[in-house]
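Residue numbers (numbering that gives the first Met the number 0), protein chains in the order written: chain C, 0 to 79; chain R, 0 to 495.
Note that the Cβ used here is the ideal one computed from N, Cα and C, for glycine as well.
Please read these numbers as outputs of a predicted model, since none were measured by experiment.
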Amino acid sequence: MTEDEILQTLTRILRDLLMDDSIVLAMDTRREDVPAWDSFNYINFIVALEMEYGIKFKVSDVESFENVGAIVKQTKALRS
Amino acid sequence: MKSEPQQSPAVLASRTFGEDDQQAFARLTGDYNPIHMDPVAARRTQAGDVVVHGVHGALWALDTLLAMGAVPDEIASLTVNFPRFVHLGKGVELRIVSRKDDEIVATLSLGSIVATSLTVGLGATRDLDDTILEVVSPPSPKTRPANWTRMEDVAQLQGWMGVGASVDGISAHFPHVAAKIGRERTAAIALLSTVVGMECPGLHSLFSSFSVRLADSPNAPNGVRFRVTYTDDRFRIVRLDLAGAGIRGEVRSFLRPLAVAQQDIGQIARSISPTEFAGSTALIIGGSRGLGALVAKVIAAGGGRAVITYAKGKADALELEAEIRRHAGTAACTAIHYDAALDPSLQLASIGSGISHLYYFATPTIGQQRDGPFMPAALETFIAFYVTRFYECCRHLASLSDRPLTAFYPSTVFADNPPPTMIEYAMAKIAGELLCSHLNQSNIGVRVIAHRLPRLSTDQTATIPPVAARDPLEAMLPIIREVQGAATPASESSTP
């Protein structure tokens, strides 16, 4: 699974969560860049991502993700 | 983030929920959770202010769709998500965003932001057994709403919520829903708000979503059984299964982290000399909680006098005043009402000429709902608070006294790299910094010290999951000492 494929999945999950099909995530997207992506929706997003890939993040990872690229890379690492 | 252009579906209806609506829904359902009813308590939560009952908005949306004939088929299921708070007085717009053979998806939006989504599943009700949940014993909270604070407290919760007494009122409130899916089912769905807000997780809950199928079981009990079936301690997620009164499904919620309490003055006093700030009187605008309250305690613990202001949180301010007076004496603290959106001169008339220091923590709500990339009205509000009224406050205090006034202006690290969702806030803070530099070069008897504060641990910054934040006392004490030690106007600002 490539980073680009994971990025596409993240975009789909966030679109479904926020009901906003205009969202297109990039590796350097920060949570603050997306209107309505607040802390609760961030958690819902992380949980949906965990269910999608059958993975579990550590809380310290979730706290420290600086952008979408960091989430993609950690997802890929946990899947491998 | 790139953005793909989208054409928005037509608005079918709009509504602004007010206080009367909150009271009416609370009376019907019994959901009196303070996040919906008490502005002072609600401002200490992640919502920042009173929010509409999510289930109220969802049922109003469904009732409106049914009244319009937009859902001609039978309803088999209902899934509702609450991705965004709806604050009182904010208008929501109802749209149908997708329609298929087996489902209709509608949204309630604040501008371009979806606050509630409803997926109405179409088809016949099914012969689901909605009596399967065996509840051993009801929860026995000592208070209502139930004041559960730890995940282990809620992990085993289960209970039963009768719908009988609520059926008439709720059905009359949502007549088209009641006619379509039945009075008991309508009441049961409305009472999910009460299950979450008053029972489980209770006082510190946030309702995230629910999904129910309409069950076709004539012997269903006249109430909803609920049981916690899943918790995630990492993110404080609480999931309930529910069954009864013709519905079966699941509720997802959060157990909110508690508001952050600042250290008490006794603890703070250990870091401060008891005469360190003697002879000074500090006016602390926005001093009833958060960093303002911390500054008040530090000043008083150092032998100074703190005049704290509150706009809404009178009870918080009086509690703080009492704490400081117990430790440092009656003269050490006075709480006064002050609305930072209004002209300061009349409001400060009673405090006399003795103010030597000003700490300006006044702020409107920062995380406003967005309806576009730039919101001129939001910038106007922030400018009024952070620039115009700050200037007027400085001028007024300086005019009262012969001795120079030293003011602290809290700016933000967001000024360095403003996120797009906080651009108006950052712009206004930068404008405030420029004003501080200008005041320091003007001969009006005011010296302003401005610092860009990092994220500090206060009730306004408590999130799920917890985000690393500095200890407020550790961050603020050097700044307070700098401000208290700056007795004369200087020619240069410390603003970056």
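Boundaries of the alpha helix (DSSP H) around glutamate 320 of chain R: 313-327. The shortest C-alpha to C-alpha distance from alanine 281 of chain R to any of R:Val10, R:Tyr358 and R:Phe413 is the one to R:Tyr358.
Straight-line spacing of the CA atoms in alanine 406 of chain R and isoleucine 382 of chain R works out to 18 Å. For serine 252 of chain R and valine 237 of chain R, the gap between their C-alpha atoms comes out near 5 Å. Within chain R, the residues placing a beta-carbon under 7 Å from that of alanine 35 of chain C are Pro82, Arg83 and Ile112, ordered along the chain. Contact check for valine 46 of chain C against aspartate 240 of chain R fails: the beta carbons are separated by 9 Å or more. Any Cβ of chain R closer than 9 Å to the Cβ of valine 46 of chain C would place that residue at the interface, and such an atom is present.
Among the CB atoms of chain C, one or more fall inside 9 Å of the CB of isoleucine 236 of chain R. Check the Cα spacing between alanine 214 of chain R and each of R:Ala154, R:Ser349 and R:Gly181: the tightest is with R:Gly181.
At least 9 Å separates the beta-carbon of valine 294 of chain R from that of isoleucine 448 of chain R. Between leucine 17 of chain C and chain R, the shortest Cβ-Cβ separation is below 9 Å. Not a single C-beta of chain R is nearer than 9 Å to the C-beta of serine 79 of chain C.
Assigned with DSSP and collapsed to three states, glycine 245 of chain R falls in coil, not helix or strand.
Among the residues facing chain R, arginine 29 of chain C is included, as its CB has a counterpart in that chain under 9 Å away.
Taking C-beta atoms as the reference points, serine 76 of chain R and glycine 47 of chain R fail to come closer than 9 Å. Buried is the label assigned to threonine 10 of chain C, since at least 16 other Cβ atoms lie within 10 Å of its Cβ. At a cut-off of 9 Å between beta-carbon atoms, serine 76 of chain R makes no contact with chain C. If you draw a 10 Å sphere on the C-beta of glutamine 155 of chain R, you find fewer than 16 other C-beta atoms in it, and that means exposed.
Per the DSSP secondary-structure output, tyrosine 408 of chain R pairs in a beta bridge with R:Ala449. For asparagine 40 of chain C, the secondary structure class from DSSP, reduced to helix, strand or coil, is helix. In the DSSP assignment, leucine 77 of chain R falls within the unbroken beta strand (DSSP E) covering 74-80. Put simply, the region 316-327 of chain R does not touch the region 413-433 of chain R. Fewer than three CB pairs are less than 8 Å apart. Contact between glycine 168 of chain R and leucine 27 of chain R is confirmed by a C-beta separation of about 5 Å, below the 8 Å threshold. Assignment of beta-bridge partners to valine 104 of chain R by DSSP yields R:Ser97 and R:Thr118.
For phenylalanine 64 of chain C, no chain R residue has a Cβ inside 7 Å of its Cβ, as the nearest lies near 11 Å away. Identification of chain C residues near threonine 106 of chain R by a Cβ-Cβ cut-off of 8 Å yields Met18, ordered along the chain. Isoleucine 5 of chain C has a beta carbon lying at 9 Å or more from every beta carbon in chain R. Nearest to leucine 254 of chain R by alpha-carbon distance, out of R:Leu205, R:His450, R:Glu379 and R:Gly243, is R:Leu205. Here the region 185-196 of chain R lies against the region 155-164 of chain R, with 3 or more beta-carbon pairs under 8 Å apart. The beta-carbon of valine 61 of chain C is placed less than 9 Å from the nearest beta-carbon of chain R.
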